[in-house]
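**Student:**
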Amino acid sequence: MYCSFSDLTRWSFRQATADARAQLTPEQEVQIMDAYNGLDTFPDVDQALTMLAEMPSLDPYVFSNGTVSMVTSSLQTSPSLARASHVLPSTKVVSVDSLKVFKPDPRTYQHMAKASGFEGQLGSVWLVSSNPFDVAGAVAAGLKAAWVDRAGGGWVDGLGGAMGIKPTVIVKGVDEAVEHISRRSG
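If you're matching positions, the sequence shown starts at 6 in the numbering used here and goes up one per residue.
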């Protein structure tokens with residue numbers, strides 16, 4: 006069974022409001038979901054986007070479990086991402102929705118490699134994420150991965166740890182990941 010990430014997000018929100026015994030009108034739900042699409046980025050992302058604008062050798066993409074329309078909406082409504090549309094235009098959105106599976110399924114990372122022009126060259130593709138499941142999936146599939154550890158707690162992932170999988174590099178922010186990838190790619 007497959008449901009889009011957009012539907013899963015909405016249904017999860019409904020479950021959370023029910024658990025909190027909150028009652029929302031349909032209009033309030035729409036307002037909140039629209040606000041969710043416009044969430045701003047962490048401060049380190051702003052610096053990373055500025056750096057990427059000055060590094061034409063790096064070719065960034067947005068790789069998401071979300072639908073293209075969901076991610077495109079976020080790119081347009083999030084203040085930081087909207088300002089960086091020259092770095093991350095909507096043409097650089099890679100969604101797994103067409104595959105009808107979610108990350109960390111290995112097919113999703115193969116899809117990302119193909120979409121970015123690196124089909125069959127997964128080791129040339131970097132994933133930057135603060136989600137351990139995504140990092141573990143990417144590394145298991147053959148990509149390099151920078152895990153963003155903003156809290157500084159160190160790599161702790163039950164699944165990845167049990168399988169001996171760890172990030173290629175651990176960084177404190179996306180800006181640090183961009184610096185590292187630039188050095189490794191240069």
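Note that the Cβ used here is the ideal one computed from N, Cα and C, for glycine as well.
Treat the numbers as computed from the prediction; the structure is a model and nothing was measured.
#1: Could you check which residue in Trp-131, Ser-85, Arg-189 has the C-alpha nearest to that of Pro-94?
#2: I want to know whether the stretch 64-76 touches the stretch 17-32 - three or more CB-CB distances under 8 Å.
#3: For the alpha helix (DSSP H) that contains Phe-62, what are its first and last residues?
#4: For Thr-96, count the other beta carbons within 10 Å of its own beta carbon; 16 or more makes it buried, fewer makes it exposed. Which is it?
#5: Terminal residues of the continuous alpha helix (DSSP H) containing Leu-164?
#6: Going by beta carbon distance, what residues of the same chain come within less than 8 Å of Phe-107, once the five residues before and after it are set aside?
#7: Looking at C-beta atoms only, is the number of pairs between the stretch 17-26 and the stretch 51-58 that lie closer than 8 Å three or more?
#8: Check whether the Cβ atoms of Leu-148 and Val-130 sit closer than 8 Å, and answer yes or no.
#9: Under the rule that 16 or more other beta-carbon atoms within 10 Å means buried, what is Gly-165, buried or exposed?
#10: So what does DSSP say about Leu-196, is it helix, strand or coil?
**Tutor:** So, to answer that:
#1: Ser-85
#2: no
#3: With the sequence shown as reference, residue 62 is identified as Ser, and Phe is not the correct amino acid for it. No alpha helix (DSSP H) holds Ser-62; DSSP gives it neither H nor E.
#4: exposed
#5: 163-167
#6: Phe-10, Asn-70, Val-101, Thr-113
#7: no
#8: yes
#9: buried
#10: Outside the modelled stretch of the chain, which goes from 6 to 191, sits residue 196, for which no answer is possible.
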